[in-house]
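A.B. asks:
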Amino acid sequence: MPGTSELADTRSLRWVKRYLMRPRALQVVKISIAVAIAWSLAPLMPGTAKDFPYYAPLGALLSMHPTLARSIHSSVQTLAGVLIGIGLAGIVVIVSEPTVWTLSLAVGLGTLIGGMKWMGAGGEYVPITALFVLIIGGPNADGYSIGYATQICLGIVVGLAVNLLILPPLAIGPARERLAGFRRTLTRHLTDVGDALVESWPPARDDWATQGETLNAAARQVRTAVQTADESRKGNPRAWFTRANLDADYDALVALENVTFHIRNLTEVLAGMVWGKPIALELPPELRPVLSEALHAVAAAITAGDDDERQPDLLDQAGVAIEAILRKMQQEIEAGAASLSPTAAIVIDLKRILIALRAKTDREAASASTG
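Once you know that position 258 of the sequence shown is 244 in this note's numbering, the rest is easy, because the numbers rise by one and skip nothing.
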């Protein structure tokens, strides 16, 4: 039986392993390794480049990003910014001596060029490089420029090599977790609204009525996560050993974004029915139970993804619950109800939610049949 110290060591190793497997922790380790290698190689560069070793770690640092594709893209932009900055400084040196006016002109032009959209991450290095060459390089601007550019290139190459050899993680798992969490958020919201309809009137809880921007923010975060996951696959050797395809995740995301739009609409209508804001609307008391049941049924359908075998049945059950609203509305019309247009608007939103939740191959047919 292992001793206490052995168990403690085992737990420590497991904790370290779990921590290092986190994307952020792995990125920190890779940056540290790249900077150390670049600093070690910098003095070995030939010519005047060895006089400026401190720019190699800078290049390594600038090239390190969570995904390999973003690292390459950013590195190309950074290198372009450095070379353009050197070019601007070179023009100043050729035309005249560096003065307050020529220095300001070079930095101004560099800022203008760096602000162009195509410069991306390298834009800020155009004026910085021009400034460094003119001020630090001074009389030795040629040698400084060569050393600066060479060491930056060395650092970038080292950073890209480290990022490739210490395989950047695929962000597919976290993206799918975000997507599942977003489903739960939408489900919880509709459930809260459904509960409010059958509680005390007006409902004591009103937090659900102000969650529109929160839902939109959650949708944006999920889209960013899915895009990052897609980007993490590009050029990543790990992607060669997995068949993970994000097409279905993008479809699910688009569907949930549509669902969010319609949930915001029906939430605003219901808020108007309860508190008369932003628009005073009417909700007959007799319709509250069927509306509540339909909201709960649609919430259950949102929880199930396209790969959930329960989804067809849940969608059918939600459709039946929505039809129950229409039947109850017809009864209210026959009884002389004044206006049911707001309830009809909610029904349309609920139907649109079900269309969005259907499998991609079924959406067009469902949309056509619903009108």
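No residue lacks a Cβ here, since even glycine has one placed at the ideal position from N, Cα and C.
1. Pair every Cβ in the stretch 32 to 47 with every Cβ in the stretch 159 to 171, then say whether three or more of these pairs are closer than 8 Å.
2. Helix, strand or coil: how does DSSP classify D235 here?
3. Among A280, A330, Q316, which has the Cα closest to the Cα of L340?
4. Quick check: L326 and L252, are their CB atoms within less than 8 Å of each other?
5. Is it a yes or a no for the stretch 28 to 38 touching the stretch 74 to 88, going by three-plus beta-carbon pairs under 8 Å?
6. Look up M259 in the DSSP assignment and say whether it is helix, strand or coil.
7. Which residues in the same chain as A42 place their Cβ atom closer than 7 Å to its Cβ, once the five residues preceding and following it in sequence are excluded?
8. Is it buried or exposed, V79, if we count other Cβ atoms within 10 angstroms and call 16 or more buried?
9. Could you check how far apart the C-beta atoms of T177 and H282 are, in whole angstroms? I think they sit under 8 Å.
10. Is it buried or exposed for K103, if we count other Cβ within 10 angstroms and need 16 for buried?
11. Pick out whichever of I19, L256, N149 has its Cα sitting closest to the Cα of L54.
12. Among the candidates E243, G67, A20, whose CA atom is the shortest distance from the CA of A116?
13. Can you tell me where the alpha helix (DSSP H) with S90 in it begins and where it stops?
14. Assign T85 to one of two classes, buried (16 or more other C-beta atoms within 10 Å of its C-beta) or exposed (fewer than that).
15. What is the rounded straight-line gap between the Cα of G100 and the Cα of L91?
16. Can you tell me whether E350 is buried or exposed, with buried defined as 16 or more other CB within 10 angstroms of its CB?
C.D. replies: A quick look at the data gives this:
1. Under the Cβ criterion (8 Å, minimum of three pairs), the stretch 32 to 47 does not count as touching the stretch 159 to 171.
2. Of the three classes helix, strand and coil, the one that applies to D235 here is helix, per DSSP.
3. Closest option to L340, Cα to Cα, is A280.
4. no
5. no
6. In the three-state DSSP reduction, M259 falls in the helix class (H, G or I).
7. A24, W25, L27, A28, Q137, L140, G141
8. buried
9. 6 Å
10. exposed
11. N149
12. G67
13. Per DSSP, S90 is one residue of the alpha helix (DSSP H) stretching across 86 to 100.
14. exposed
15. 14 Å
16. Reliability of the predicted coordinates at E350 is poor, the pLDDT of 47 falling under 50, and no value is obtained from them.
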